[in-house]
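*Asks:*
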Amino acid sequence: MRGGSLALRAGAALLAALAAVALLSPLIATDLPLAVRGATGWRFPAFANWLPALLDAPAPAESAAEGERVVSAPVPYSPRNISLAERLEPPSRRHRLGTDELGRDVLARVIHGARISLVVGFCSALFALLIGCALGGCAGYFGGWIDGAVMRLVDAIIAFPFMILLLTIVAILEPGMATIVLALALTSWTAEARLVRGEVLRVRETEYATAAKAVGAGKGRIVVRHLIPNALAPAIVTTTFGVSGAILAESAISFLGFGISSPRASWGTILSSADDYLLQAWWLTAFPGIAIFLTVIACNLLGEGLRDALDPAGSQR
Amino acid sequence: MSGYLGRRLLTTAATLIGITLVVFGLMHLAPGDPALLLTGAVRGGRVPPPDVLEAIRAEHGLDRSLGAQYLAWAAAALRFDFGDSLAHRRPVRTVIAERIPATLLLNGLALLVALAIGIPLGVAAAARPGSLVDRGSAVVLFLLYSLPAFWVALLLIELFAVRLGVLPLMGMSSSGASVGRAGGLADRLEHLVLPVTVLAYGQIAFFARFVRSALRETLGTPFIRTARAKGAGSIRVLWIHGFRNTLVPLISLAGLVIPWLVSGSVVVEQIFQWDGIGRLFFGAVLARDYPLVLGLAVVTAVVTMAVSLCADLLYAVADPRVRVGEGR
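Chains as they are written, first to last, in the numbering used here: chain R, 6 to 322; chain S, 7 to 334.
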């Protein structure tokens, strides 16, 4: 048990740190000054641009006039700013993690990549949980042909290579983050659906479900208020692993050139260009990969910790 | 038993039809006029006049309704005729058949390596829970599991092919190495080392963890205590009494593993430029070559479901509890 809770705490802490980096990325890595003291008082350009930058809007130009005091960001580069004079520079004091083939700062790109990876990972896993709960819950509760149809669909998706289905959906729709989230959700809800269905089948026979029926609760209410909440605990563990799976999948398809495309900085996108410069630029391969590795570890630790916490019998085996 | 088999076959057929419907629908939702793709106009060629396009559509049946196209395709597919690939301009069947051996070699080897390392590791961990072997392997496997495969591939290529230069960068064989059979074999093996490693390392973690948890469960049952009590040696108890019982759930994984292997192959074959099914699939999706995508989808699904059907039957044969339970 001690080990389990350690995994839980370590995973949660690492994930919280990564989430903080993602949320603060427009303030940590930006070419906009954090604060400027001009003749008329203080201005805070990076803070003003926080929300637009989170939504990946291009930054407005901002220049401090002569004699103004400027507080710049810890990593004073935008992930998009191209500087061909500085292309493929190794890590240095100016560029802590070096620069890429267009002279963009790798550290800035890795920091902004955290946002994309976490948003894609969590959104798609949550949507997958929703789809899985809805379909699995219906299949378990109603049984009959509904159960048969849902389970055949689950079988079909499982029998089909996940990567191909993902690439096909991504190729059909407009490229972008929403497409990737949708494609990942549509391809990865099967584990949750199976779990929820099984739990609903189990819980349906319990006395409190019968009691709810006896006091006149409708079918929909029983499923939503009584059956699914009880089936949710194991499904949430699966969803946590789903987050890391989605982050890995997003980076893989971005690496293959199907996912998030440059100038946006996804970790997979950076690695995709690293492939062409293996000999010259090890830093392009190393750092985005480490970032993916750490994020996936954080999610997996959290998942293992949650599983042990929710099923103490299982952890002692 | 025969009722069980009949029901399994029926659901398998329904699943197959479902897969073809989904893929057929998806490919037709895709943007891009297949007639234009056929003429090569998309890849920078000249756009042909409308009457030529019409003729091409009529020739390939693209002018008919979606339902009619699907039925025509399905009727031909029942005879294993998947039409001609748009990009390769040859029968889909031949194109797929050519690529299967390469993927089979790569994935078969990776699976063997993974089982050969994963099973003993899982058994050793289960034999002494909480020991150094158990804890150490758990940590290492956890880390391996969390590594993105394509990144590992890049690192291995960078280290062994680019910096040390001891292994080939990519491809299935060197062009000059076909002289002599022994040389050819060594060359083949050299080209296999990196892709097999990348495909296998995640599976090692998967199999080892699976074997460990299944074996722990078996070792807790009374018949193991009985075996110990009658004086069976610890190795005998572990492998003969314990592991044989975890072999049964291990078999049932077989159906799951095939689609994973193909998924993993897509990325690994692309990185190492290995001309197998995964790379073919990738190229077909990219080029909207939907006769080929559909053909590949059907072949993969049929193989997957055949394997999982066999696994379930083996399961029923090996474990009387399943057979009796289903017979009721």
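All C-beta atoms, glycine included, are put in the ideal place defined by N, C-alpha and C.
For clarity, every value in this text was computed on a predicted model and none was experimentally measured.
Go ahead and pull the three-state DSSP assignment for R/V80.
*Replies:* As a first step, residue 80 of chain R is located in the first sequence; it is residue number 75 there, counting from the start. Residue state, collapsed to three classes: strand.
*Asks:* How about S/G270 and S/A155: are their beta carbons less than 8 Å apart?
*Replies:* Counting from 1 along the second sequence, the entry for residue 270 of chain S is found at position 264. Counting from 1 along the second sequence, the entry for residue 155 of chain S is found at position 149. Yes. Within cutoff.
*Asks:* When the Cα atoms are used, what is the spatial distance from R/R109 to R/A176?
*Replies:* Here residue 109 of chain R refers to the residue found at position 104 of the first sequence. Here residue 176 of chain R refers to the residue found at position 171 of the first sequence. Straight-line Cα distance between these residues: approximately 28 Å.
*Asks:* Compare the Cα-Cα distances from S/A130 to each of S/S152, S/V217, S/A167, S/H66 and report the closest residue.
*Replies:* Counting from 1 along the second sequence, the entry for residue 130 of chain S is found at position 124. If we check each option's Cα against that of S/A130, S/V217 comes out closest.
*Asks:* To test your reading of the DSSP string, which unbroken beta strand (DSSP E) runs of 3 or more residues are found completely within the stretch 119-153 of chain R?
*Replies:* Qualifying beta strand (DSSP E) stretches: none in this window.
*Asks:* Suppose the cutoff is 6 Å on Cβ atoms and the five residues either side in sequence are ignored; what does the same chain contact list for S/E332 look like?
*Replies:* Here residue 332 of chain S is taken as the residue at index 326 of the second sequence, counted from 1. Because the pLDDT of S/E332 is 48, which lies under 50, any placement of that residue in the model is unreliable, and the question is left without a value.
*Asks:* Look up R/V41 in the DSSP assignment and give the residues it is bridged to.
*Replies:* Stepping through the first sequence from its first residue, residue 41 of chain R is reached at position 36. The partner list for R/V41 (beta bridge, DSSP) reads R/R48, R/V75.
*Asks:* Reducing DSSP to helix, strand and coil, say where S/A183 ends up.
*Replies:* For this step, residue 183 of chain S is matched to residue 177 along the second sequence. Here S/A183 scores only 48 on pLDDT, less than 50, and its place in the model is too uncertain to base an answer on.
*Asks:* Any idea what DSSP makes of S/A324, helix, strand or coil?
*Replies:* Taking the second sequence and counting its residues from 1, one reaches residue 324 of chain S at position 318. S/A324: helix per DSSP, three-state reduction.
*Asks:* Could you tell me whether the Cβ atoms of R/V201 and R/G141 are closer together than 8 Å?
*Replies:* Position 196 of the first sequence, counted from the start, is the residue given in the question as residue 201 of chain R. Position 136 of the first sequence, counted from the start, is the residue given in the question as residue 141 of chain R. Yes, these two residues count as a Cβ contact at 8 Å.
*Asks:* List the endpoints of the continuous alpha helix (DSSP H) containing S/M176.
*Replies:* On the second sequence, position 170 is the one that residue 176 of chain S refers to. Unbroken run through S/M176: none, as it is neither H nor E.
*Asks:* Where does R/T211 fall in DSSP's three states?
*Replies:* Mapped onto the first sequence, residue 211 of chain R falls at position 206. Coil.
*Asks:* Looking at chain R, which residues of the stretch 147-179 of chain S have a Cβ within less than 8 Å of any of its Cβ atoms?
*Replies:* Those would be F148, L149, Y151, S152, L153, P154, A155, F156, W157, L160, L161, I163, E164, V168, in chain order.
*Asks:* Which residues bound the alpha helix (DSSP H) around R/S193?
*Replies:* For the purposes of this step, residue 193 of chain R is taken as the residue at position 188 of the first sequence. Segment: none, R/S193 is in no alpha helix (DSSP H) and carries neither H nor E.
*Asks:* Our contact map puts S/P201 next to S/F278 with C-beta atoms below 8 Å; I'd like the distance itself, whole angstroms only.
*Replies:* For the purposes of this step, residue 201 of chain S is taken as residue 195 along the second sequence, with counting starting at 1. For the purposes of this step, residue 278 of chain S is taken as residue 272 along the second sequence, with counting starting at 1. About 5 Å; that satisfies the 8 Å criterion.
*Asks:* By DSSP, does S/A78 sit in helix, in strand, or in coil?
*Replies:* As a first step, residue 78 of chain S must be located in the second sequence, where it is residue number 72. Residue state, collapsed to three classes: helix.
*Asks:* What does R/S256 touch in chain S if you count any residue whose Cβ is under 7 Å from its own?
*Replies:* To locate residue 256 of chain R, count along the first sequence from 1; it is residue 251. The contacting residues are P154.
*Asks:* Under the rule that 16 or more other beta-carbon atoms within 10 Å means buried, what is R/S122, buried or exposed?
*Replies:* Mapped onto the first sequence, residue 122 of chain R falls at position 117. Answer is buried; the Cβ neighbour count reaches 16.
*Asks:* Can you pull the DSSP bridge partners for S/P97?
*Replies:* Residue mapping note: residue 97 of chain S aligns to position 91 of the second sequence, counting from 1. DSSP lists S/D90 as partners of S/P97.
*Asks:* What three-state label does DSSP hand S/D193 in the structure shown?
*Replies:* On the second sequence, position 187 is the one that residue 193 of chain S refers to. Here S/D193 sits in helix by DSSP.
*Asks:* Please classify S/S184: is it buried, with 16 or more other beta-carbons within 10 angstroms of its beta-carbon, or exposed?
*Replies:* On the second sequence, residue 184 of chain S is found 178 positions in, with the first residue counted as 1. Here S/S184 scores only 49 on pLDDT, less than 50, and its place in the model is too uncertain to base an answer on.
*Asks:* By Cβ distance below 7 Å, which residues in the same chain neighbour R/A27 in space, the five residues on each side in sequence not counted?
*Replies:* Along the first sequence, one-based indexing puts residue 27 of chain R at 22. Excluding residues within five positions, the ones whose Cβ falls inside 7 Å are A119, R120, L123.
*Asks:* Identify the contact partners of S/Q1 in chain R, using a Cβ-Cβ distance below 7 Å as the criterion.
*Replies:* Chain S is shown from 7 up to 334; residue 1 of chain S falls before or after that span and cannot be answered.
*Asks:* Based on the DSSP secondary-structure assignment, which residues constitute the bridge partners of R/T104?
*Replies:* As a working mapping, residue 104 of chain R is identified with position 99 in the first sequence. Partner(s): R/D110.
*Asks:* Using CA atoms only, rank isn't needed, just tell me which of R/L171, R/L170, R/R48, R/R269 is closest to R/L60.
*Replies:* Here residue 60 of chain R refers to the residue found at position 55 of the first sequence. When each option's Cα is compared against that of R/L60, the closest is R/R269.
*Asks:* Could you tell me which residues DSSP puts in a beta bridge with R/Y34?
*Replies:* Position 29 of the first sequence, counted from the start, is the residue given in the question as residue 34 of chain R. The question names Tyr, yet the displayed sequence has Ala at residue 34 of chain R. Per DSSP, R/V80.
*Asks:* For the stretch 49-69 of chain S, enumerate the residues whose C-beta is nearer than 7 Å to any C-beta of chain R, in chain order.
*Replies:* Result list empty, no residue passes.
*Asks:* In angstroms with no decimal places, state the Cα-to-Cα distance between R/D160 and S/M33.
*Replies:* On the first sequence, residue 160 of chain R is found 155 positions in, with the first residue counted as 1. On the second sequence, residue 33 of chain S is found 27 positions in, with the first residue counted as 1. If you take the alpha carbons of R/D160 and S/M33, they lie about 20 Å apart.
*Asks:* What residues in the stretch 286-315 of chain R have a beta carbon less than 7 Å from any beta carbon of chain S?
*Replies:* Under the 7 Å Cβ criterion, the stretch 286-315 of chain R contributes W287, T290, G294, I297, F298, V301, I302, N305.
*Asks:* Count the other CB atoms, across all protein chains shown, that sit within 10 Å of the CB of S/T26; report buried if there are 16 or more and exposed otherwise.
*Replies:* Residue numbering aside, residue 26 of chain S sits at position 20 when the second sequence is read from its first letter. Buried, by the Cβ-count rule.
*Asks:* Who are the Cβ neighbours of S/Y207 in its own chain at under 6 Å, not counting the five residues just before and after it?
*Replies:* Locating residue 207 of chain S in the second sequence gives position 201, counting from the first residue. If we look at S/Y207 and ignore the five residues flanking it on each side, its Cβ neighbours are L150.
*Asks:* Would R/C304 be called buried (16 or more neighbouring beta carbons within 10 Å of its own) or exposed?
*Replies:* On the first sequence, position 299 is the one that residue 304 of chain R refers to. With 16 or more Cβ atoms within 10 Å of its Cβ, R/C304 is classed as buried.
*Asks:* Spatial neighbours of S/A116 within its chain, please: CB distance less than 6 Å, with the 5 preceding and 5 following residues excluded, ordered by chain position.
*Replies:* Within the second sequence, the letter at position 110 stands for residue 116 of chain S. The residues are V202, L205, A206.
*Asks:* Once DSSP output is grouped into helix, strand and coil, what is the label at S/I246?
*Replies:* Along the second sequence, one-based indexing puts residue 246 of chain S at 240. Helix at S/I246.
*Asks:* Quick one: what does DSSP say R/A64 is sitting in, helix, strand or coil?
*Replies:* For the purposes of this step, residue 64 of chain R is taken as residue 59 along the first sequence, with counting starting at 1. In the structure shown, R/A64 sits in coil (DSSP, three-state: anything other than H, G, I, E or B).
*Asks:* Excluding the 5 residues preceding and the 5 following S/R96 in the sequence, name in chain order all residues of the same chain whose CB lies nearer than 7 Å to its CB.
*Replies:* In the second sequence, counting from the first residue as 1, residue 96 of chain S sits at position 90. For S/R96, where only same-chain residues beyond five positions count, the Cβ hits under 7 Å are D90.
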